[in-house]
Structures are given as C-alpha cells and as structure tokens.
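S.K.:
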Amino acid sequence: MVTALALPRLLANNRGALSRIAAVTRRDLTAVRHSGYWLVVLSGFFEPVLYLLAIGIGVGRLVEGFRLSDGTVVSYATFVAPAMLAASAMNGALSEATYNFFAKMKWAKLYDAMVATPLRPFEIAVGELGWALMRGSMYSVAFLGIMVVLDLTTAGWAVLAFFASLLVGFAFGAVGMAMSTVMRSWQDFDYLNAVQFGMFLFSATFVPIESYPAVVRVVVEVLPLYHGVEVVRALTLGRPEWATLGHVAYLVAISLLAIAIAARRLNAVLCK
Amino acid sequence: MAVITAPARTELRESPGPSPLPVFEHRLTQYRRVWRSSVFSSFLLPVMFLLGMGVSLGAYVDRSSALGVPYLDYIAPGLVAATALQVAMGESTWSIMSAFSWIRIYHAMRASPLRPNDIVGGELLFVAMRVATSAAGFLIVLAVFGVLHSWWSVALLPVSVLIGLAVSAPTLAFAATIRSDNMFAILFRFAVIPMSLFAGVFFPVEAMPLVARWLAYASPLWHGVELSRAATLGGSPAASPLLHVGYLAVWVVVGYLLACWRYERKLTD
Numbered sequence: 566m567v568t569a570l571a572l573p574r575l576l577a578n579n580r581g582a583l584s585r586i587a588a589v590t591r592r593d594l595t596a597v598r599h600s601g602y603w604l605v606v607l608s609g610f611f612e613p614v615l616y617l618l619a620i621g622i623g624v625g626r627l628v629e630g631f632r633l634s635d636g637t638v639v640s641y642a643t644f645v646a647p648a649m650l651a652a653s654a655m656n657g658a659l660s661e662a663t664y665n666f667f668a669k670m671k672w673a674k675l676y677d678a679m680v681a682t683p684l685r686p687f688e689i690a691v692g693e694l695g696w697a698l699m700r701g702s703m704y705s706v707a708f709l710g711i712m713v714v715l716d717l718t719t720a721g722w723a724v725l726a727f728f729a730s731l732l733v734g735f736a737f738g739a740v741g742m743a744m745s746t747v748m749r750s751w752q753d754f755d756y757l758n759a760v761q762f763g764m765f766l767f768s769a770t771f772v773p774i775e776s777y778p779a780v781v782r783v784v785v786e787v788l789p790l791y792h793g794v795e796v797v798r799a800l801t802l803g804r805p806e807w808a809t810l811g812h813v814a815y816l817v818a819i820s821l822l823a824i825a826i827a828a829r830r831l832n833a834v835l836c837k
Numbered sequence: 357m358a359v360i361t362a363p364a365r366t367e368l369r370e371s372p373g374p375s376p377l378p379v380f381e382h383r384l385t386q387y388r389r390v391w392r393s394s395v396f397s398s399f400l401l402p403v404m405f406l407l408g409m410g411v412s413l414g415a416y417v418d419r420s421s422a423l424g425v426p427y428l429d430y431i432a433p434g435l436v437a438a439t440a441l442q443v444a445m446g447e448s449t450w451s452i453m454s455a456f457s458w459i460r461i462y463h464a465m466r467a468s469p470l471r472p473n474d475i476v477g478g479e480l481l482f483v484a485m486r487v488a489t490s491a492a493g494f495l496i497v498l499a500v501f502g503v504l505h506s507w508w509s510v511a512l513l514p515v516s517v518l519i520g521l522a523v524s525a526p527t528l529a530f531a532a533t534i535r536s537d538n539m540f541a542i543l544f545r546f547a548v549i550p551m552s553l554f555a556g557v558f559f560p561v562e563a564m565p566l567v568a569r570w571l572a573y574a575s576p577l578w579h580g581v582e583l584s585r586a587a588t589l590g591g592s593p594a595a596s597p598l599l600h601v602g603y604l605a606v607w608v609v610v611g612y613l614l615a616c617w618r619y620e621r622k623l624t625d
C-alpha cells in the first residue's frame, strides 16, 4: 500500500524502483528475527488494548452515558476506542520512523551501506515506511478485531477504519522520518516525545474537542493527530461527514509534504 | 617538561573506604549534563496527565461520580505514585545496561576498592534523589491545583521514595541478568505499563475481575497509590498503613539482596 501511494512519482522514469524499495522492506523483515526483537514487535499490540481496557472500560464505568456534540449518547468506551487506535497508529509509526530510523542512520550507518548499492535515498525512505506500515497494520487489525468483539463498532466500519489507521500511520511515519533527518542527538527526541504525548492527551482523544478552551482548540486543530482521531472515530461510529474528507485531505497533504522533505534531507545527509 | 610525581602517601591513607557515596557522586555528575531533558518525563508529563485526564475528563466523570471526591482529587495522588514508578524505572534500566555492557563504567568501578553492593547502594541513592525531587516538584503543582486536603500530603515524599526503591532494586537485579536491552521494552510492556494503568491510579481496582484485582494487590504500585491517596485526601488506606509500608519494604530488601547477588555474579570474573 505504501508503494501504491508513492507510485505516481516513481513510475515516470524509475525502472526497478519497486523491487529496490521492496529490498529495503525485506531487510527489516529479516531483522525482526534478531535477539528478542520480534517479541518487542509482537508485544506492541498489547499497549493500546491495555489503554482501552483501563481508560475505556475502567474509567468509562465512572462516566455515565457520553453525549456527543450532535446529542447522541454512546458508551465512553465507544467514544475513546477509535482515539486509542489512531494514537497507537501514531506511536507505532513514530517509534519506527524516529528511534529506529535514527539509530540505523547515525549508529548502524546502515543507509551509508545502502546508498553504495543502486538504492536511492527516496527508495530507502519509502522502503522503511513500508515496514513501519506493515508493523502498524498488524496492531490495527488486532485492535479493530477486539473492538468488534466488544461491540464498539461493526465489522464493515472496522474495515474502513483500518484504512484510516493506515493513513494515520503513513502520515506520522513520513513526518517522523523527516524529523529524524534533522535531529542532532538523542536529547532532541525529548522534545518530540513531549509533543507526541501532548497530542495523545489533547487531540480530542479523551473528551470531545468542544470541551477544550478556545485557545487550546486552535492548537489542537493544527496538529495531525486530531485529524487522525476524527477520521477513525467518524468511521468506527459509522457516521462519516463531509468534514471527514477534510481531515483525510489534511493527512494526505502532510504525508506527501513530509516524504518529500525526508527524501531531500536524506539525499543531503547520505550523498555528500 | 612534565614532572611525574608519586601520589603523596598521606593522600592514599586518607582516601575513604568502600562506600556507595562515590557511585552516587558519579551519577550526580552525569546527571548535571542531562537534567534538563529529564524535566519532561518526571515533571511535565504528569502535569499534562493531570490536565488531560483530571481536569478535562474529570468534568465528565464528576457529573455522576461514584467516587465520592472530584476526579482530579482522586487521580492526583495516584499520578504522584505512578510518576515515582516511572522515574525510578527510567533510572534503573538502559543506564544500568550501559554501565555494564556499553560504556562499561562498572568494570572501572570494580577495579577500585568499591564492592558490588556499594555500586547497588549508590544507584539506589541516586534513584531516591531523583524520585524525591520530582515528587517535590509535583507536590508544589498539586498545591497550586488545590487538591492537597491534608497536612499528611508531605508524606508523599517518603512514600514516593519507597515506591521508587521498591521497583528499582529488583530492576537492577534484572538489568544485571538480561543479555539484550530488548528485555527492557518487554518489562515496560508487561509490568510497568499494566501496573500504571490497573493499579488504582485511574479507577478503583474493585471494579476489576477477581484475578486482575489480586494482581493489582500484588503490585508495589497499588500499595503506594493507597498510601498517597490517603495522605492527600486525609483518609485512611485500604489496609493499615504499616502493612502497605511493610509490603513495599519487603520489595526493597529482597530486591536489594537480589541486585547485590546479580551484580556480584556479573562483575566477578
């Protein structure tokens, strides 16, 4: 699916680009088998589920009937579950595209080795995003399955929400990668963590956006996770609106912009 | 021309015997370089939780609360305890593995008169210092939010330190045992995060099924949360305070002994 998104730019005069991109993704798949890393990858699935159980159901019991902005009342778990899904798509994609990507670039010097082959920086970026998305989509499928079992959405809407979560993952993967290319050291990641965590708490995740003060609301609406939450929530609640398309457009735009920046920066860093 | 002089004999004789203090001092020196970035995880993050969960979600919870107190007042002491856990774990995982296997400062320490239990003691002193300072900062914030209802709130400081030591000591033993740092990610996923979410910080453990409830009772965090909550709300914890403190103390002592044993093993050829 990554390749599908990146295709238009590639097809023009890049013969063999697809197989080169696939080679980068395949390397990641091989690396998963290394020293307990697969266990880390596999266990990533538990975190959003635990949050869903603790906040959605545990705290949800303390909230009686949750009224949405249009007046309908849903259970708190129904409201918060799609936000957990969007947030986990963000976290999964960012952890691959920031920490792991940065480590491979600065420490393992993996990409220095790659550019010595026919691979080009843009293909490396897309190939790495491909792996980040594969990892994220495993978690999304499992999470949506649990949502269907708990009756928080229906199977049909879950399929659509899956594609929405892929889009969220792609957007954050691209943004994270672009940021990794300008980071100087591990200390810089602390700022990223702060923003990431702030988005997790305040992107209309736990309460509707209407309940924030006006100033906070403006900031929230600029940041990408809010748009991701709105798209996924509209779908799992089974009520997409025209505004949902606007959120999708925002995510697509930011993905394309970020991947262009990432490829350009990688070029600068790797092909000195 | 460089002149090489032998160290004065008096200096050698007066050098202190083995003690945890040099290790503590080493950590403090290191910390001076990175304390700014730790402000985020040990201070900003819990304050954000307080706003995001306590204030904004709290408005919904309070409409029909079965808790008896405002939600903000309910989770604030829980967050102090959870932060103690978080900070202590942060200082007893990757940095320890680094000292063993990456920068190998422990090997240098071992070549000095320091004994393995001095190293463990020094690490624990540093954890206690980190937890105490972040709890103190958090306490000031809570006072501003007006959620401290009793003078017992001051007890949050020693309680936080106790939680920190109770989780840090066994984690030091763990860090001295594992081979790959991937195991830390596993530890966080299967122990630290579940504990933070289900040990009574955000909602009463009585709402959970029996097995989950007993797991929560077994966790050190739940005892810390009970003590902290009783302190800020001026009530009494689930069991006698002595029992909670005693349970946490068992974790500290057993963890310390385990850590000394593992350090000894790992640092002896």
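Heads up: the sequence lines are chains A and B, in that order.
Just so we're on the same page, this note's numbering is the position in the first sequence counted from 1, plus 565.
Just so we're on the same page, this note's numbering is the position in the second sequence counted from 1, plus 356.
Quick reminder that beta carbons are idealized off the backbone N, C-alpha and C, glycines included.
So, do the stretch 466-485 of chain B and the stretch 434-451 of chain B have three or more beta carbon pairs nearer to each other than 8 Å?
M.R.: These segments touch.
S.K.: Specify, as a first and last residue, the run of the alpha helix (DSSP H) that K622(B) falls within.
M.R.: If you number the second sequence from 1, residue 622(B) lands on position 266. P597 to L623 is the extent of the alpha helix (DSSP H) around K622(B).
S.K.: If you measure between the beta carbons of G424(B) and S506(B), is that distance less than 7 Å?
M.R.: Translated into positions along the second sequence, residue 424(B) becomes position 68. Translated into positions along the second sequence, residue 506(B) becomes position 150. No, the Cβ-Cβ distance between G424(B) and S506(B) is not below 7 Å.
S.K.: Quick check on the DSSP output: the alpha helix (DSSP H) that includes Q386(B) runs from which residue to which?
M.R.: What you label residue 386(B) is simply residue 30 of the second sequence in a count that begins at 1. Counting along the chain, the alpha helix (DSSP H) containing Q386(B) begins and ends at L377 to V395.
S.K.: Less than 8 Å between the CB atoms is what I'm expecting for L504(B) and A488(B), so what's the real figure, rounded?
M.R.: Here the question's residue 504(B) lines up with position 148 in the second sequence. Here the question's residue 488(B) lines up with position 132 in the second sequence. In fact, because the Cβ distance is near 17 Å, the residues do not count as touching under 8 Å.
S.K.: 7 Å is my cut-off, CB to CB: does V581(B) come that close to chain A?
M.R.: Numbered from 1 along the second sequence, position 225 holds the residue referred to as residue 581(B). For V581(B), the answer is no, since every Cβ of chain A falls outside 7 Å of its Cβ.
S.K.: To the nearest angstrom, how far is it from the Cα of L368(B) to the Cα of F380(B)?
M.R.: Position 12 of the second sequence, counting from 1, holds the residue named residue 368(B). Position 24 of the second sequence, counting from 1, holds the residue named residue 380(B). Here L368(B) scores only 49 on pLDDT, less than 50, and its place in the model should not be relied on; the value that follows carries that caveat. Cα to Cα, the separation comes out at about 21 Å.
S.K.: If contact means a Cβ-Cβ distance below 8 Å, which residues of the stretch 400-415 of chain B contact chain A?
M.R.: Listed in sequence order: L400, L401, M404, F405, L407, G408, M409, S412, L413 and A415.
S.K.: Identify every run of the alpha helix (DSSP H) within the stretch 435-520 of chain B, keeping only runs that are complete inside it and at least 4 residues long; order them along the chain.
M.R.: As far as the stretch 435-520 of chain B is concerned, its whole alpha helix (DSSP H) runs of at least 4 residues are 450-453, 461-466 and 472-501.
S.K.: Taking the alpha carbon of V606(A) as the reference point, which residue from E688(A), N832(A) and N665(A) has its own alpha carbon closest?
M.R.: Stepping through the first sequence from its first residue, residue 606(A) is reached at position 41. For the residues E688(A), N832(A) and N665(A), the minimum Cα distance to V606(A) belongs to N665(A).
S.K.: Using a C-beta cutoff of 7 Å, does E806(A) count as contacting chain B?
M.R.: Numbered from its first residue, the first sequence carries residue 806(A) at position 241. Not an interface residue.
S.K.: Measure the C-alpha to C-alpha separation of M620(A) and R585(B) and round it to an integer number of angstroms.
M.R.: In the first sequence, the residue the question calls residue 620(A) occupies position 55. In the second sequence, the residue the question calls residue 585(B) occupies position 229. The sequence given here places Ile at residue 620(A); Met does not occur at that position. Cα to Cα, I620(A) sits roughly 19 Å from R585(B).
S.K.: By how many angstroms is the C-alpha of Q442(B) removed from the C-alpha of A646(B)?
M.R.: One cannot answer for residue 646(B) here, as it falls past the ends of chain B, which runs 357 to 625.
S.K.: Is the Cβ of V597(A) closer than 7 Å to any Cβ of chain B?
M.R.: Start at 1 with the first residue of the first sequence, and residue 597(A) comes out as number 32. Taking Cβ atoms only, chain B never reaches closer than 7 Å to V597(A), which makes this a no.
S.K.: Reducing DSSP to helix, strand and coil, say where V639(A) ends up.
M.R.: If you number the first sequence from 1, residue 639(A) lands on position 74. The answer is strand: DSSP assigns V639(A) an E or B state.
S.K.: Which residues mark the beginning and the end of the alpha helix (DSSP H) in which V752(A) is found?
M.R.: Counting from 1 along the first sequence, the entry for residue 752(A) is found at position 187. A small correction: the amino acid at residue 752(A) is Gln; Val does not occupy that position in the sequence shown. From DSSP, Q752(A) is part of no alpha helix (DSSP H); its letter is neither H nor E.
S.K.: Classify F631(A) as helix, strand or coil using the three-state DSSP reduction.
M.R.: Residue mapping note: residue 631(A) aligns to position 66 of the first sequence, counting from 1. Strand.
S.K.: Return helix, strand or coil for R585(A), following the three-state DSSP convention.
M.R.: If you number the first sequence from 1, residue 585(A) lands on position 20. DSSP places R585(A) in helix when its eight states are reduced to three.
S.K.: Compare the C-beta of V794(A) against all C-beta atoms of chain B and say whether one is closer than 7 Å.
M.R.: Position 229 of the first sequence holds residue 794(A). No - not a single Cβ of chain B is within 7 Å of the one on V794(A).
S.K.: Any chance the stretch 665-678 of chain A sits against the stretch 639-646 of chain A, with 3 or more Cβ pairs inside 8 Å?
M.R.: With a cut-off of 8 Å, the stretch 639-646 of chain A and the stretch 665-678 of chain A do not count as touching, because too few Cβ pairs lie within range.
S.K.: Within 10 angstroms of the Cβ of G634(B), are there 16 or more other Cβ atoms? Answer buried if so, exposed if not.
M.R.: Lying before the first or after the last residue shown, residue 634(B) is absent from chain B, which here runs from 357 to 625.
S.K.: Residues of the stretch 503-520 of chain B in Cβ contact with chain A at a cutoff of 8 Å, in chain order, please.
M.R.: From the stretch 503-520 of chain B, no residue has a Cβ closer than 8 Å to chain A.
S.K.: Is there a Cβ of chain A sitting closer than 7 Å to that of L553(B), yes or no?
M.R.: On the second sequence, residue 553(B) is found 197 positions in, with the first residue counted as 1. Cβ-Cβ to chain A under 7 Å: yes for L553(B).
S.K.: Nearest chain A C-beta to I542(B) closer than 7 Å, yes or no?
M.R.: Within the second sequence, numbered from 1, the residue matching residue 542(B) stands at position 186. Interface residue, yes.
S.K.: When you compare the CB positions of S524(B) and A555(B), do they come within less than 7 Å of one another, or not?
M.R.: Here residue 524(B) is taken as the residue at index 168 of the second sequence, counted from 1. Here residue 555(B) is taken as the residue at index 199 of the second sequence, counted from 1. Not a contact, by the Cβ cut-off of 7 Å.
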